[in-house]
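Okay, structure first, notes after.
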Amino acid sequence: MTSDIFDEIFRNTLFGTSVFKDETKLFREYIPEQLPRREKELERISRDFRPIFKDKVNFPVNIALSGKSGVGKTVLAKYFCERLVDLSKSLNKKIEYQYCNCYTYRSKSAILYHLLSKLYDATSRGFEPENLLLDLHNRLKRDSKKLLLILDEIHVLNTDEILFFLQFTEPNIYYILISRDYFFKKILNVNLSGRINDHIKLEGYSKDDLIQILNSRVEAFKQGVINREIIEMIADVASNTQNARHAIEILYHAGKIADCSKNDKNIITAEMVREAKNYIFPETSSKILKTLKKNELFAILALARCLLIEDCPDVSIKEAYSYFKIVCEEFGMKPKTQNMFTKSIKQLIDLGLIIQLYNQSKIIHKKPLKITLHDVPAQILEQQLIKLLKTKKNSK
Ligand SMILES: Nc1ncnc2c1ncn2[C@@H]1O[C@H](COP(=O)(O)OP(=O)(O)O)[C@@H](O)[C@H]1O
Ligand SMILES: [Mg+2]
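Each residue of the sequence shown is one higher than the one before, starting from 73 at the first, in the numbering used here.
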């Protein structure tokens, strides 16, 4: 009997009716056919990379893309590279592209091992990074190949490591470096500025932009599942963060709620959007936050504020602590010492609410550890925490 019920659930879930026509179009890694509202930036990158098609030009092109989370930095870089590689094939030019996220490949050696193995099936462990980069350049040169390399979340590397990649003047490798504005502000006035040909800053999306972006993803659903009001409602919510990922994830999750609901009209309703909105970024779900002690709530609020106000991808514990003192004051509490604050942060790291960035460099003891919220928009977390802290205060 039980197994029959499970069998039915299993079959219904896998093969039953769904509001989706092709949900892969809402996956994070999906690269859409169109990038509404990024036409100008695409044109600008294309102009920057004109030299890549010239055989005789001997200087590299490296560009920087920056902007807050969810403004389309990654998708824009990948979209451009895919189009350029396609075009190069029709022109009989050997151009390839590779994408490396520095959260995955956290050092210059890790990046180079990955590239050599991906492009040449070469296992070159144990060699110095200088030799690895030279090896890669030589192989590309031998094959008359050019490589477009996207290095995403580049703030994980330090300035010397970035400079190391950009040191060669022979243009076999063209770099697209991606990070937040804050990071480039810091590094572009050091010795890197001469090696970056263009720095494109992507602004956050307005409600109108988000409507366009969402409309271009409606093809993931069967006809009639979504109406204009629903799109506007989602765009309105996500316009607070100006983040397209936020908008797309609400849309996707609302679709999943519709699939699980008993409503056989097969449409997404405003109520489903409201539910999806609260579920998105589950790390911040009030269920988890409610289990936290007051000091932990203050600590995570301080980190969210610090990331928001400083507009940076990660901060040191000391920087976050200065915001913690202000938060405590705001809620009429005496701030605990920095040691106690660090204990709360460690607790939050164990709970998976905060990410700690390990520094790969040998001088690790000289560098303060950095912490961040990674993918959760600080703004959303801040709103939820304030709501929660206020209800706690009122219930006393
Ligand atoms: N202009 C756009 N058109 C269509 N989809 C977009 C656009 N900008 C961003 N997206 C989508 O929004 C999500 C977040 O974009 P992403 O490139 O990952 O942002 P970032 O790298 O700046 O954090 C991705 O799913 C991406 O495909
Ligand atoms: Mg990205």
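Backbone N, C-alpha and C define an ideal beta-carbon position, used for all residues, glycine too.
Subject >> Option in Ala-136, Gln-106, Lys-217 and Arg-109 with minimal Cα separation from Asp-120 >> reply: Among Ala-136, Gln-106, Lys-217 and Arg-109, the Cα nearest to that of Asp-120 is on Ala-136.
Original post:
Got a sec, what are the start and stop residues for the alpha helix (DSSP H) Ala-149 sits in?
Top reply: 145-162
**OP:** With a threshold of 16 other CB atoms inside 10 Å of the CB of Glu-391, please say whether the residue is buried or exposed.
**Re:** Glu-391 should be labelled buried.
Original post:
Does the Cβ-Cβ distance between Ile-329 and Glu-347 come in under 8 Å?
Top reply: yes
Original post:
For Lys-180, which residues of its own chain have a beta-carbon under 6 Å away from its beta-carbon, when the five flanking residues on both sides are left out?
Top reply: Pro-201, Glu-233 and Phe-236
Original post:
Just curious, the beta strand (DSSP E) that Leu-188 is in, first and last residue?
Top reply: It is not in any beta strand (DSSP E) - Leu-188 instead sits in the alpha helix (DSSP H) that spans 180-192.
Original post:
Can you find at least 3 beta carbon pairs, one from the region 244-261 and one from the region 277-287, that sit closer than 8 Å?
Top reply: no
Original post:
Quick check: the region 440-456 against the region 369-386, are there 3 or more CB pairs under 8 Å?
Top reply: yes
Subject >> Cβ neighbours of Met-344 in the same chain (closer than 6 Å, five flanking residues each side left out) >> reply: Cβ within range, chain order: Ala-326, Ile-329 and Ala-330.
Original post:
Around ligand 4, what residues have a beta-carbon under 6 Å from a heavy atom of it, in chain order?
Top reply: Because ligand 4 does not appear in the structure shown, any question about it cannot be addressed here, the ligands present being ligand 1 and ligand 2.
Subject >> Proximity to Glu-113 [Cα-Cα], best of Phe-255, Ile-298, Lys-273 and His-209 >> reply: Lys-273
Subject >> Contact the region 279-297 vs the region 152-169: 3+ CB pairs below 8 Å >> reply: Too few Cβ pairs lie closer than 8 Å, so no.
**OP:** Provide the residue span of the beta strand (DSSP E) that contains Leu-220, from first to last.
**Re:** 218-224
**OP:** Could you check the C-alpha separation between Val-143 and Ile-426 for me, to the nearest Å?
**Re:** Each residue's alpha carbon lies about 22 Å from the other.
Original post:
To which residues does DSSP link Gln-428 through a beta bridge?
Top reply: Ile-443
Original post:
Exposed or buried, which one is Tyr-395 when buried takes at least 16 other CB atoms within 10 Å?
Top reply: buried
Original post:
First and last residue of the alpha helix (DSSP H) that includes Ile-234?
Top reply: Residues 231-237.
Original post:
Going by alpha carbons, who is nearest to Gln-419 out of Cys-400, Thr-363, Leu-457 and Ile-103?
Top reply: Thr-363
Original post:
Could you give the C-beta distance for Glu-368 and Ser-416, rounded to a whole number, given that I count them as a contact under 8 Å?
Top reply: 5 Å
**OP:** Tell me whether Tyr-174 sits in a helix, a strand or coil according to DSSP, three-state version.
**Re:** Note on residue identity: the sequence assigns Cys, not Tyr, to residue 174. Coil.
**OP:** Within 10 angstroms of the Cβ of Asp-224, are there 16 or more other Cβ atoms? Answer buried if so, exposed if not.
**Re:** buried
Subject >> Same chain, Cβ closer than 6 Å to His-227, five either side skipped, listed in chain order >> reply: Sequence-distant partners of His-227 (beyond 5 residues in either direction) whose C-beta falls short of 6 Å from its own C-beta, in its chain, are Ser-251, Phe-255 and Pro-385.
**OP:** With distances taken Cα to Cα, identify the nearest neighbour of Asp-94 among Tyr-324, Ile-389, Asn-411 and Gly-424.
**Re:** Tyr-324
Subject >> Integer Cβ distance of Leu-457 from Thr-444, believed to fall under 8 Å >> reply: Between the beta-carbon of Leu-457 and that of Thr-444 there is about 16 Å, and that puts the pair past the 8 Å contact cut.
Subject >> Buried/exposed call for Tyr-185, threshold 16 Cβ in 10 Å >> reply: Tyr-185 should be labelled buried.
Original post:
To the nearest whole angstrom, what separates the beta carbons of Thr-231 and Pro-132, a pair I think is in contact under 8 Å?
Top reply: Incorrect: roughly 18 Å between the Cβ atoms, too far for contact.
**OP:** Taking Ile-29 and Ala-310 to be in contact with their CB atoms under 8 Å, please state how far apart those CB atoms are, rounded to whole angstroms.
**Re:** Past the boundaries of the shown model lies residue 29; the chain is included only from 73 to 468, so the question cannot be answered.
Original post:
According to the neighbour-count rule (16 or more other Cβ atoms, all chains shown, within 10 Å of its Cβ), is Tyr-175 buried or exposed?
Top reply: exposed
Subject >> Cβ neighbour criterion (16 or more within 10 Å) applied to Phe-99 >> reply: That one is exposed.
**OP:** Take Lys-150 as the anchor and find which of Ser-162, Ile-340, Leu-221 and Phe-293 has the nearest alpha-carbon.
**Re:** Leu-221
Original post:
From Phe-199 to Leu-260, what does the alpha carbon distance come to, in whole angstroms?
Top reply: If I take the Cα positions, the gap works out to 30 Å.
Original post:
What is the DSSP secondary structure of Phe-255, reduced to helix, strand or coil?
Top reply: helix
**OP:** Write down the C-beta distance between Asn-164 and Leu-238 rounded to the nearest angstrom, noting that I regard them as a contact closer than 8 Å.
**Re:** Going by Cβ atoms, the distance from Asn-164 to Leu-238 rounds to 28 Å, so no, they are not a contact pair.
Original post:
Under three-state DSSP, which class holds Tyr-102?
Top reply: coil
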